[in-house]
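A quick write-up on the structure given underneath.
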Amino acid sequence: WITYKANGAVRISTTLTGAKGFVLSSANVHNILIDGFEITGVQQGVNVGTGVTDVILRNCTIHDLGSSGSGVLAQGSSRCTVNNCLFYNLGPVRGSTAIGVNVSAGHDTQVLNNTFATGSHALLAAAGSTNTVVTNNIIYDMWTAGLRNVDAQGSVVNTYNLFSSNATNYSGNVSQATG
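Just so you know, we're using the working numbering here: the sequence shown kicks off at 1 and counts up by one.
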């Protein structure tokens, strides 16, 4: 594994339009751990691209994204895990389309033990995505939906999540297992 670990307070911050925090974009990239970073002011906090496999993002804080940004964009990747992270103030204003975790054609994505506060969606699974599991998260004040499936294959598995003050807790094909 290749590990990027913040020892102490490490903040990735910018005001540049379209800026990204971490970009993993080569099909030969695999076994990456990103641990303990604060990522703010970017359009995409962590971009996990096509063909990238086995990525873990944990213990990170991602906040104050651009108006249509994503804290994590898992686009065409496999086995991306987001664990024990804090996402808040995802968009600059209520009504923006900023998303905590955006899975687009991603496979075997796991979103576990996170807190999502204030944004458009905590998680959006889009076309081509398969086996998205969302477990034991706190999701509140999402102005569109907490969890949303837009034409992803199969369902988003919703287990043991706590929802509060969202416009709707889930939309699309989201299985409502225990929680």
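Built from N, CA and C at the ideal position, the CB exists for glycine as well.
Separation of residue j from residue i, as counted between CA atoms
i, j, result
"Ala-27", "Asn-47", "13 Å"
"Gly-179", "Val-72", "Unreliable positioning characterises Gly-179 in this predicted model, as indicated by a pLDDT of 47, which lies under 50. The coordinate reading is nonetheless provided below. Answer to the nearest angstrom: the Cα atoms are 23 Å apart."
"Ile-2", "Asn-169", "36 Å"
"Thr-159", "Thr-135", "5 Å"
"Phe-163", "Gly-146", "7 Å"
"His-30", "Gly-95", "35 Å"
"Ser-165", "Ser-120", "12 Å"
"Asp-54", "Gln-44", "19 Å"
"Asn-187", "Gly-154", "Outside the displayed range of the chain (1 to 179) lies residue 187, so it cannot be described from this structure."
"Tyr-4", "Leu-33", "6 Å"
Under the three-state DSSP convention, the category residue i falls into
i, result
"Tyr-170", "strand"
"Asn-28", "coil"
"Gly-179", "Only weak support exists for where Gly-179 lies, its pLDDT of 47 falling under 50; the value from the coordinates is given anyway. Correct three-state label for Gly-179: coil."
"Val-52", "coil"
"Gly-106", "coil"
"Thr-115", "strand"
Member of the options whose CA lies at the smallest distance from the CA of residue i
i, options, result
"Val-42", "Ser-67, Gln-75, Val-52", "Ser-67"
"Leu-90", "Asn-84, Asp-108, Leu-57, Tyr-140", "Tyr-140"
"His-107", "Asn-113, Val-174, Gln-176, Val-133", "Val-133"
Contact set for residue i: own chain, Cβ-Cβ below 6 Å, skip 5 residues either direction
i, result
"Ala-6", "Gly-36, Phe-37"
"Val-52", "Leu-24, Val-29, Ser-77"
"Thr-81", "Ile-56, Gln-110"
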